[in-house]
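A.B. asks: In our numbering, the protein residues as written are 56 to 252. We put the CB at the ideal spot given by N, CA and C, even for glycine.
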Amino acid sequence: MSKEGLQKVIQHEQTDNSTRQGNLLSTEDLRDLFSFHGDVRSEIHGKMSCSRCQNDASGTENTEEGNENNLDDSACQTDQEDIGGFANDAGCLHSLKISERQVGTPLEEDLASWGHHFTSKSVPDTILQASAGDEVTFVFTNQVDGKLIPIKSNPSPKPEVTELNRNQAVSNRGFNKPQQRPRNRSNHYLPTRPTKE
56 MSKEGLQKVI QHEQTDNSTR QGNLLSTEDL RDLFSFHGDV RSEIHGKMSC SRCQNDASGT
116 ENTEEGNENN LDDSACQTDQ EDIGGFANDA GCLHSLKISE RQVGTPLEED LASWGHHFTS
176 KSVPDTILQA SAGDEVTFVF TNQVDGKLIP IKSNPSPKPE VTELNRNQAV SNRGFNKPQQ
236 RPRNRSNHYL PTRPTKE
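1) Rounded to the nearest angstrom, what separates Arg96 and Lys102 at their Cα positions?
2) Quick one: what's got a C-beta closer than 6 Å to His172's C-beta in the same chain, skipping five residues either side?
3) Less than 8 Å between the beta carbons of Ile99 and Asp200, yes or no?
4) Can you tell me the Cβ-Cβ gap for Ser18 and Val191, rounded? I've got them flagged as a contact below 8 Å.
5) For Asn197 and Glu83, I'd like the C-alpha separation in whole angstroms.
6) On a CA-only basis, which of Asp180, Ala185, Asp165 is nearest Cys105? Give me that one, please.
7) Whole angstroms is fine: what's the gap from Asp180's alpha carbon to Lys152's?
8) Here's the rule: buried if 16 or more other CB atoms are within 10 angstroms of the residue's CB, otherwise exposed. What is Gly159?
9) Give the range of the beta strand (DSSP E) segment to which His172 is assigned.
10) Can you find the residues in the same chain that come closer than 6 Å, C-beta to C-beta, to Ala142, ignoring five residues on each side of it along the sequence?
11) How many whole angstroms separate the CB atoms of Gln157 and Gly170, which I take to be in contact at a CB cut-off of 8 Å?
12) With distance defined between alpha-carbon atoms, name the residue in Asp94, Leu162, Ile182, Phe91 nearest to Ser57.
13) Can you tell me which of the three DSSP states Ser57 falls into?
14) What number of angstroms, rounded off, separates the C-alpha of Leu183 from the C-alpha of Phe89?
15) Along the beta strand (DSSP E) that carries Phe141, what are the first and last residues, could you check?
16) Reducing DSSP to helix, strand and coil, say where Thr196 ends up.
17) Alpha carbon to alpha carbon, how far is Gly93 from Asp87?
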């Protein structure tokens, strides 16, 4: 999440404080965002009061009947559950729990609709899966449909090469080479030792 996304979460909380939703962070929460708490998998997720997941370390889904915020399988449609095909490439598409799938194409500040992963093995990113180890205890994921090819920048215009410019370039090439010093003639007349035959 970008700094701007966090700012939107805070601004939304301040403007709509009377109808606070579970995915908002208070200003105090933001200040304490990067503090380490060894007994909690994800402090942000815990403070969200997430209805899609249980708030315990087991990482199992919330299966309470009658919970109005519980999402069913229809909320994560097949065509939306793997935007970009990353989960399929990572080999975890068919084993994702409902809470590990994102709901539609959520906005950056809508953490409740992102994928919630209690283990890196369910994250649709093979590099993260391979490198995370036990150090990563919780991951929010938000897949977006974008381009994997970098945007081409505008090339700088090349100067026109004319016959005059070409001749100057050829004559200037000699200046880039190190120049040889003229030999001292006295070096040629140094006495040499006679060789034994």
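C.D. replies: According to the structure data:
1) On the sequence shown, residue 96 is found 41 positions in, with the first residue counted as 1. On the sequence shown, residue 102 is found 47 positions in, with the first residue counted as 1. Their Cα atoms are separated by approximately 12 Å.
2) Within the sequence shown, the letter at position 117 stands for residue 172. Taken in chain order, the residues that qualify are Glu155, Val178, Val194.
3) Locating residue 99 in the sequence shown gives position 44, counting from the first residue. Locating residue 200 in the sequence shown gives position 145, counting from the first residue. No, they are not a contact pair.
4) Not covered by the structure: residue 18. The range shown for the chain is 56 to 252.
5) In the sequence shown, residue 197 corresponds to position 142, counting from 1. In the sequence shown, residue 83 corresponds to position 28, counting from 1. Near 25 Å, if we compare the C-alpha coordinates of Glu83 and Asn197.
6) Here residue 105 refers to the residue found at position 50 when the sequence shown is read from its first residue. In terms of Cα proximity to Cys105, the closest of Asp180, Ala185, Asp165 is Asp165.
7) Your numbering for residue 180 matches position 125 in the sequence shown. Your numbering for residue 152 matches position 97 in the sequence shown. Computed Cα separation, rounded: 16 Å.
8) In the sequence shown, the residue the question calls residue 159 occupies position 104. The Cβ neighbour count for Gly159, taken over all protein chains shown within 10 Å, is under 16; the residue is labelled exposed.
9) The residue labelled residue 172 in the question sits at position 117 within the sequence shown. Residue range 170-172 is occupied by the beta strand (DSSP E) that includes His172.
10) On the sequence shown, residue 142 is found 87 positions in, with the first residue counted as 1. The answer, listed in chain order, is Leu148, Pro179.
11) Taking the sequence shown and counting its residues from 1, the one referred to as residue 157 is at position 102. Taking the sequence shown and counting its residues from 1, the one referred to as residue 170 is at position 115. Indeed they touch by this definition, with Cβ atoms about 5 Å apart.
12) Here residue 57 corresponds to residue number 2 of the sequence shown, with the count starting at 1. If we check each option's Cα against that of Ser57, Leu162 comes out closest.
13) Counted from its first residue, the sequence shown places residue 57 at position 2. In the structure shown, Ser57 sits in coil (DSSP, three-state: anything other than H, G, I, E or B).
14) Against the sequence shown, residue 183 aligns to sequence position 128. Against the sequence shown, residue 89 aligns to sequence position 34. Roughly 20 Å separates the two Cα atoms.
15) Mapped onto the sequence shown, residue 141 falls at position 86. For Phe141, no beta strand (DSSP E) segment is defined; the enclosing uninterrupted segment is the alpha helix (DSSP H) at 141-145.
16) Position 141 of the sequence shown, counting from 1, holds the residue named residue 196. Residue state, collapsed to three classes: strand.
17) Along the sequence shown, one-based indexing puts residue 93 at 38. Along the sequence shown, one-based indexing puts residue 87 at 32. Looking at the two C-alpha atoms, the distance is approximately 14 Å.
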